[in-house]
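In my numbering, the protein residues as written are 1000 to 1157.
Have a look at the structure below, then the notes.
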């Protein structure tokens, strides 16, 4: 639009040279806000993507360690049974004691796991913050324009 030409959506007053109309200012603010939101989303995606890659890599290494550890359990059980047999217990009893030892370790680990799970709590602060934000947004009302702002918008006040 050439400088000094009236904007069809304006009040009939031609904007001064270099001055933007309210509609243009609103459009620019909306575009800037949209751009900001898109940039924030892109940043969050990039950060999450890097964390997901690290998590997947760590998970793979943890799984490999678990498989190796599981392969060692039968060997350790047999070694323990033969050690108990070496101490003078009949071989069948030695294997039974080895199995009992592993059952007791499993029960101890399960007990610790239950205690850890019982300590888990809801994210109270997050829930409270979201509820407060929702309550504030429910009560938001646009501020009415003052008479001076109306007069300025209509060109009554320079």
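Every residue gets a Cβ at the ideal spot worked out from N, C-alpha and C, and that includes glycine.
Computed from a prediction, not measured in an experiment: that's the story for all the values here.
Apply the 10 Å Cβ neighbour rule to residue i and answer buried if 16 or more other Cβ atoms are within range, or exposed otherwise.
i, result
"residue 1097", "buried"
"residue 1149", "exposed"
"residue 1040", "exposed"
What did DSSP end up calling residue i once you bin it into helix, strand or coil?
i, result
"residue 1053", "helix"
"residue 1019", "coil"
"residue 1143", "coil"
"residue 1131", "helix"
Check for me: the alpha helix (DSSP H) holding residue i runs from which residue to which?
i, result
"residue 1146", "1146 to 1153"
"residue 1117", "1090 to 1117"
When the distance is taken between beta carbons, is residue j closer than 8 Å to residue i?
i, j, result
"residue 1036", "residue 1152", "no"
"residue 1079", "residue 1061", "no"
"residue 1093", "residue 1104", "no"
Between which residues of its own chain and residue i is the CB-CB distance below 6 Å, once the five residues before and five after are set aside?
i, result
"residue 1067", "none"
"residue 1090", "1084"
Taking 8 Å as the limit between beta carbons, can you name the residues of its chain near residue i, skipping five residues before and five after?
i, result
"residue 1156", "1147, 1150"
Tell me, please, whether the CB atom of residue i is closer than 8 Å to any CB atom in chain C?
i, result
"residue 1105", "The structure shown contains no chain C; it holds only a single protein chain."
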